[in-house]
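2 protein chains.
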Amino acid sequence: MKINIIVTLKDNVEDAEGQSVLKALHLLGYDEVSNVRTGKVYYIEMKGNDLSKGYEFCDKLLANPVINKCKVERDD
Amino acid sequence: MKINIIVTLKDNVEDAEGQSVLKALHLLGYDEVSNVRTGKVYYIEMKGNDLSKGYEFCDKLLANPVINKCKVERDD
Numbered sequence: 001m002k003i004n005i006i007v008t009l010k011d012n013v014e015d016a017e018g019q020s021v022l023k024a025l026h027l028l029g030y031d032e033v034s035n036v037r038t039g040k041v042y043y044i045e046m047k048g049n050d051l052s053k054g055y056e057f058c059d060k061l062l063a064n065p066v067i068n069k070c071k072v073e074r075d076d
Numbered sequence: 001m002k003i004n005i006i007v008t009l010k011d012n013v014e015d016a017e018g019q020s021v022l023k024a025l026h027l028l029g030y031d032e033v034s035n036v037r038t039g040k041v042y043y044i045e046m047k048g049n050d051l052s053k054g055y056e057f058c059d060k061l062l063a064n065p066v067i068n069k070c071k072v073e074r075d076d
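One line per chain: the protein sequences are G and U, in this order. The numbering used here applies: residue 1 is where the first sequence begins, and numbers increase by one. The numbering used here applies: residue 1 is where the second sequence begins, and numbers increase by one.
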């Protein structure tokens, strides 16, 4: 199966990269943009059908539980 | 509106970070994983309804057209 794991910062954690992109978009004249947050996606191909493995990968490798949250989706 | 911009490497470009995650998952014993590729997501809040702005942001700021591809989605 293919799964997508999306790792983002928790809502209460400041996203410096997002703020930097927001500033750059304003400098380019896109004043209609009001907020930018960022995240990381991992596209994983694996044998088996156990979606919960995705959360294991988060816990053990991909995310820092203090500042990150994880979303795991099946990619069909 | 809210849009999500997903920036990934083109299929023919080697994804060193993905390879590194794959190796780490194998070291953790997850031999069922056969491939990992990575990408970056930008969650953008903006005024207006023009989804094509997302592609402008890619062209002008977020993506390197030599190695990246962009996907823009409305986030409802």
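Here a beta-carbon is modelled for each residue, glycine too, at the ideal position from N, C-alpha and C.
From the DSSP output, read off the bridge partner residues of residue i.
{"i": "Glu-45 (chain G)", "result": "G:Lys-2, U:Asn-35"}
{"i": "Lys-71 (chain G)", "result": "G:Ile-6"}
{"i": "Lys-40 (chain G)", "result": "G:Val-7, U:Lys-40"}
Interface residues of chain G around residue i at Cβ under 9 Å?
{"i": "Val-21 (chain U)", "result": "Tyr-42, Ile-44, Phe-57, Leu-61, Leu-62"}
{"i": "Ile-6 (chain U)", "result": "Val-41"}
Whose C-beta lies closer than 7 Å to the C-beta of residue i among residues of the same chain, with five residues either side of it excluded?
{"i": "Asn-49 (chain G)", "result": "Met-1"}
{"i": "Val-13 (chain U)", "result": "Ile-67"}
{"i": "Glu-45 (chain U)", "result": "Lys-2"}
{"i": "Leu-51 (chain G)", "result": "Ile-3, Val-72, Arg-74"}
If we call anything under 8 Å between Cβ atoms a contact, is residue i one with residue j?
{"i": "Tyr-42 (chain G)", "j": "Ile-5 (chain G)", "result": "yes"}
{"i": "Val-72 (chain U)", "j": "Gly-54 (chain U)", "result": "yes"}
{"i": "Leu-61 (chain G)", "j": "Leu-9 (chain U)", "result": "no"}
If I measure Cβ to Cβ from residue i and keep anything under 6 Å in the same chain, skipping five residues before and after, which residues do I get?
{"i": "Leu-25 (chain G)", "result": "Val-33"}
{"i": "Leu-21 (chain G)", "result": "First, the amino acid is wrong: residue 21 (chain G) is Val here, not Leu. Val-36, listed in sequence order."}
{"i": "Ala-63 (chain G)", "result": "Val-7, Cys-70"}
{"i": "Asp-59 (chain U)", "result": "none"}
{"i": "Glu-56 (chain U)", "result": "none"}
Anything in chain U within Cβ reach of residue i, meaning under 7 Å, just list it in chain order.
{"i": "Ala-24 (chain G)", "result": "Leu-61"}
Name the chain G residues whose beta carbon is nearer than 8 Å to that of residue i?
{"i": "Leu-28 (chain U)", "result": "Lys-60, Leu-61"}
{"i": "Gly-48 (chain U)", "result": "Glu-32"}
{"i": "Val-36 (chain U)", "result": "Tyr-42, Tyr-43, Ile-44, Glu-45"}
Return yes when at least one heavy atom of the ligand MG lies under 7 Å from the C-beta of residue i, else no.
{"i": "Val-13 (chain G)", "result": "With respect to the ligand MG, the structure offers nothing, as it holds no ligand at all."}
Between the segment 33-41 of chain G and the segment 10-22 of chain G, can you find at least three pairs of beta-carbon atoms closer than 8 Å? yes
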